[in-house]
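Residue numbers for the sequence shown follow the UniProt record's numbering, beginning at 1 and rising by one. Using N, Cα and C, we set each Cβ at its ideal position, and we do this for glycine too. Heads up: the structure comes next, in structure tokens.
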Amino acid sequence: MSEHASETPSESAEAMSAHDIQRKWQQFWADDETFLAGGEDDDRPRKYILGMFPYPSGDLHMGHAINYLYPDIVARYWRHRGHNVLNPIGWDSFGLPAENAAIKRGADPREWTYRNIDQHKAGFRGYGMSYDWSRVLHTSDPEYYRWNQWLFLKLHERGLAYRKKSAVNWCPKDQTVLANEQVVDGRCERCGTEVVKKKLTQWYFKITEYADRLLDDLDELEGHWPHKVLQMQRNWIGRSTGADVDFHIEGRDEPVTVFSTRPDTLHGATFFVVAPDADLAAELAAGASAEVRMRFQDYLDTVQKQTEIERQSTDRPKTGVFLERYAINPVNGERLPIWAADYVLADYGHGAVMAVPAHDQRDLDFARTFDLPIRVVVDTTVAGGANAGEDLAEIDPAVTGVALVGSGRMTGSGELDGLEKDAAIAATIQRMTEAGNGRAAKNFRLRDWLISRQRFWGTPIPMLHLQDGSVVPVPEEQLPVTLPSVEGLDLRPKGSSPLGAAESWVRTVDPASGEPALRDPDTMDTFVDSSWYFLRFLSPHSDQFAFDPAQAKRWAPVDGYFGGVEHAILHLLYARFITKVLFDMGLVDFQEPFSNLVNQGMVIMDGSKMSKSKGNLVELSDLLAQYGADALRLGLAFAGPVEDDKEWNGVSLAGAQKFLSRALRAGDDTTSPVGADAAAGDVALRRITHRLRAEAPSLVEQTKFNVLVARLMELVNGIRKTIDTGAGGADPAVREAAETVALMLEPISPHTAEELWSRLGHEPSVSRVPWPDADPALLVEDTVTTAVQVGGKVRATIEVPAGISDADLEAAARADERVQRALEGKQIVRVIVRAPKIVNFAVKG
1 MSEHASETPS ESAEAMSAHD IQRKWQQFWA DDETFLAGGE DDDRPRKYIL
51 GMFPYPSGDL HMGHAINYLY PDIVARYWRH RGHNVLNPIG WDSFGLPAEN
101 AAIKRGADPR EWTYRNIDQH KAGFRGYGMS YDWSRVLHTS DPEYYRWNQW
151 LFLKLHERGL AYRKKSAVNW CPKDQTVLAN EQVVDGRCER CGTEVVKKKL
201 TQWYFKITEY ADRLLDDLDE LEGHWPHKVL QMQRNWIGRS TGADVDFHIE
251 GRDEPVTVFS TRPDTLHGAT FFVVAPDADL AAELAAGASA EVRMRFQDYL
301 DTVQKQTEIE RQSTDRPKTG VFLERYAINP VNGERLPIWA ADYVLADYGH
351 GAVMAVPAHD QRDLDFARTF DLPIRVVVDT TVAGGANAGE DLAEIDPAVT
401 GVALVGSGRM TGSGELDGLE KDAAIAATIQ RMTEAGNGRA AKNFRLRDWL
451 ISRQRFWGTP IPMLHLQDGS VVPVPEEQLP VTLPSVEGLD LRPKGSSPLG
501 AAESWVRTVD PASGEPALRD PDTMDTFVDS SWYFLRFLSP HSDQFAFDPA
551 QAKRWAPVDG YFGGVEHAIL HLLYARFITK VLFDMGLVDF QEPFSNLVNQ
601 GMVIMDGSKM SKSKGNLVEL SDLLAQYGAD ALRLGLAFAG PVEDDKEWNG
651 VSLAGAQKFL SRALRAGDDT TSPVGADAAA GDVALRRITH RLRAEAPSLV
701 EQTKFNVLVA RLMELVNGIR KTIDTGAGGA DPAVREAAET VALMLEPISP
751 HTAEELWSRL GHEPSVSRVP WPDADPALLV EDTVTTAVQV GGKVRATIEV
801 PAGISDADLE AAARADERVQ RALEGKQIVR VIVRAPKIVN FAVKG
């Protein structure tokens, strides 16, 4: 298929018939309900195949076409392999794009959302997707988000949903808070606006309670999820082990706890650093002189305009403000000056660090900037140390500006002197534990999941704010708390949720006391919707429960999950967390939601991802009208490995059309009767047919769809050759081959496969027909081609029996005239024989 993707197909009868075939079989599938998952009485083994559900933004495009093609191929394959397959579809239909579009048009986000969903549904049907259309869900339906609210209440009961005031990521354009995972390179992952820090009281899910399990259980997914995704999750969770160390602050009753991975270096601490935006910094600054208070406030104003990435940059000058306060080192009683400095983050550890400048580069840079003491307590020049054999005086960090990191022995640390790192850490933790001023601890990069959003188009948070300041849950029997009408409501972002202005909605009554109450005005992050949707597909119309635990036991976890690597942290981490919570609640019997994960590449044009903003978006509906679904599906399947990006200009749909027409002609030209004995047919064609039968299952299960298409092309070529040069269409091997094409083409180009199967005299639907096994006898080659090398260069190829011995193969090679000429005048030094593949004569002269 070498034609360019942008070629206009001819308006031939063949091109028209492709659309006729498409309409015919789509109607059949709809009437026949071909792809409904089997019920309780279906005892076939089950497979749950799922593509990450789409957001209903405009028409389907090539990103959708390739994303949803792959799981559909796999779902159709497993039906052929005798499985009861669940392949559902739904829409992730809450969220900012719909609300922003509605604001721009002065409309209701419901109208925009459901109009787009209808367009998507039509596109998927036209694309020939084998969905169980009886299980469709939309997360913006009250029937769905009722169970988001139920889930929130269950987490609240278990202490996993809570409210607190803290510095949050704020998008000035969308006027809403963002979870850490939704900030990419310091910008809002939705609109690209630079994110700032803002202090607000918000709702959180306590995902950190599950940090250890989320990290450790990744080991179970090795070999089943892409290694890149596993590593991204491990890095994001970011577990560190060390100690919590309690520092007494002069003039403060409560100690301040600092987490350190190197408590053994406490004797090297020479100052103490607090994040400027931490509550502790403001408290300490309040007790300082007026001049320091003013300097601190100016500094805080500057810091709050910076992103975390900027603050963590190693190549920017160190800045800070001395707070005129001192911390007491618990191991030696030294007074450590306390500084507010932006290189420490409020939400890392406890928002404060002990600074050991000799052995930490950022601390060293800060110490050199403000002329603070630098004390070496790890001798890295000893044998086995990071700087073994060097002169410690010559690598003094105070002089070189390079911190001494890595292994070594303790020095200048009292009783720890002479100990290696691990022993020194253990000894320090033991002594602090005994003294009551420290303990072993873990720290995580992962932060609790911020779920509040100050927008309208989302799940209302089911909590009531009472007059006494307490916050109580809405009773389960009063769910769902539905969104109000937008009539008269200003949806424009303004820093607080539009729901707060819906007076008749927000004002309610506490059912327990009968006293006036206010509904919580925020809505939930849409990642709550997608964290459990795969379970709702199992009981999509139930008003009794979010999902039936018996159906979860029957179908889940998902056997094959398909989606982009951009969801490696956001969606997948949250879904894993919620699954573990549901496991602890006894509602599911598994702890990982997706047994196998496949990340597909993007469709790109001229080296860039397709997008509306770049003007290079190709709409699915246009291509379906021009080429038909099967040509598009075939062209994309053939475009390259699943995980690779696909250059659109290299996809040939005209070539795909021609191949499908040749496949149909092969069926039309088959004249042997149904059930004809293929054993009497052309052996060469039968070998190609059975080789495909043998290879096809592993090709699909390894998602090598492009190789499967290549093998189908080879078989269709073999059919044509046999018809044109052999016994014609009456050869029973032609029928066997054509039937194999129909069966194995069905996952990729199902309309053509159905039509071919029908023209071959069979009843529909081909999707229900088991893939045939290969005849082992036809997989054994009678002869093979052996390469003969002289001096490392191939001089001849010879046909030999497949079971030839090394000695006979060497004799055959020596007898070949081409080999004899190549050996003239040369001395054979060695002969390497690997029957039946190769003979190599090593020569001199």
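Does residue i pass the burial test, meaning 16 or more other C-beta atoms within 10 Å, or should it be called exposed?
| i | result |
| --- | --- |
| residue 62 | buried |
| residue 715 | buried |
| residue 837 | exposed |
| residue 4 | The predicted model places residue 4 with a pLDDT of 34, which falls under 50 and marks its position as unreliable; any figure quoted below should be read in that light. Answer is exposed; the Cβ neighbour count stays below 16. |
| residue 448 | buried |
| residue 847 | The shown model of the chain, from 1 to 845, leaves out residue 847, and the question about it has no answer. |
| residue 92 | buried |
| residue 294 | exposed |
| residue 235 | exposed |
| residue 849 | Examination of residue 849 is not possible in this model, given that the chain is present from 1 through 845 alone. |
| residue 568 | buried |
| residue 841 | buried |
| residue 2 | Low confidence applies to residue 2: its pLDDT is 36, below 50, so where it sits in the model is not reliable, and the reading given next is rough at best. It counts as exposed. |
| residue 124 | buried |
| residue 8 | For residue 8, the predicted model reports a pLDDT of 36, less than 50, meaning its position is unreliable and no value from the coordinates is stated. |
| residue 649 | exposed |
| residue 475 | exposed |
| residue 66 | buried |
Whose CA, out of the options, lies closest to the CA of residue i?
| i | options | result |
| --- | --- | --- |
| residue 461 | 469, 451, 467 | 451 |
| residue 215 | 304, 28, 445 | 445 |
| residue 180 | 204, 794, 670 | 204 |
| residue 440 | 258, 283, 277 | 258 |
| residue 708 | 726, 211, 640 | 640 |
| residue 566 | 233, 268, 392 | 233 |
| residue 424 | 591, 264, 89 | 264 |
| residue 191 | 210, 211, 208, 170 | 170 |
| residue 689 | 398, 736, 466, 140 | 736 |
| residue 619 | 758, 126, 711 | 126 |
| residue 137 | 534, 417, 518, 305 | 534 |
| residue 237 | 442, 604, 713 | 442 |
| residue 655 | 161, 627, 679 | 627 |
| residue 786 | 816, 777, 630, 477 | 816 |
| residue 41 | 564, 120, 554 | 554 |
| residue 79 | 255, 131, 547, 723 | 131 |
| residue 396 | 385, 374, 335 | 374 |
Contact check, residue i vs residue j under 8 angstroms by CB: the rounded distance?
| i | j | result |
| --- | --- | --- |
| residue 167 | residue 199 | 5 angstroms |
| residue 280 | residue 352 | 6 angstroms |
| residue 113 | residue 163 | The pair is not a contact, with the Cβ atoms about 29 angstroms apart (cut-off 8 angstroms). |
| residue 177 | residue 453 | 7 angstroms |
| residue 738 | residue 745 | Not confirmed; about 10 angstroms, so no contact. |
| residue 733 | residue 681 | 3 angstroms |
| residue 318 | residue 365 | 5 angstroms |
| residue 428 | residue 416 | 7 angstroms |
| residue 679 | residue 128 | With 8 angstroms as the limit, residue 679 and residue 128 do not qualify as a contact, their Cβ atoms being about 35 angstroms apart. |
| residue 408 | residue 389 | Not quite, the Cβ-Cβ distance comes to about 12 angstroms (not below 8 angstroms), so this is no contact. |
Does the ligand NAD have even one heavy atom less than 6 angstroms from the beta-carbon of residue i?
| i | result |
| --- | --- |
| residue 449 | Among the ligands in the structure shown, none appear at all, so the ligand NAD cannot be discussed. |
On the DSSP bridge list, what partners appear for residue i?
| i | result |
| --- | --- |
| residue 430 | In DSSP, residue 430 forms no bridge with anything. |
| residue 117 | According to DSSP, which records beta bridges pairwise, residue 117 is partnered with nothing at all. |
| residue 201 | 165 |
| residue 326 | 337 |
| residue 224 | For residue 224, which the question treats as bridged, DSSP gives no partner whatsoever. |
| residue 616 | According to DSSP, residue 616 bridges with nothing at all. |
| residue 846 | Since the first residue of the chain shown is 1 and the last is 845, residue 846 is not available in this structure. |
| residue 460 | 523 |
| residue 187 | 184, 194 |
| residue 599 | 563 |
| residue 176 | 171 |
Legend entry - alpha helix (DSSP H) runs contained entirely in the segment 814-844, provided each spans 4 or more residues: Qualifying alpha helix (DSSP H) stretches, in chain order: 817-823.
Inset, instruction - Could you name each continuous alpha helix (DSSP H) segment of 4 residues or more that falls completely within the segment 38-111, going from the start of the chain to the end? - result: Listed in chain order, they are 62-80, 96-105.
Inset, instruction - Just list the alpha helix (DSSP H) runs in the segment 329-402, keeping only unbroken ones of 4 residues or longer that don't cross its boundaries, in chain order. - result: If only complete runs of 4 or more residues are kept, the segment 329-402 shows the alpha helix (DSSP H) at 361-370, 397-400, in order along the chain.
Inset, instruction - List in chain order: all unbroken beta strand (DSSP E) runs of 3+ residues lying wholly within the segment 499-585. - result: Those beta strand (DSSP E) runs which fall completely within the segment 499-585 and span 3+ residues are 507-509, 516-519, 560-563.
Legend entry - Secondary structure, beta strand (DSSP E): runs of 3+ residues fully inside the segment 719-798: Runs found: 783-790.
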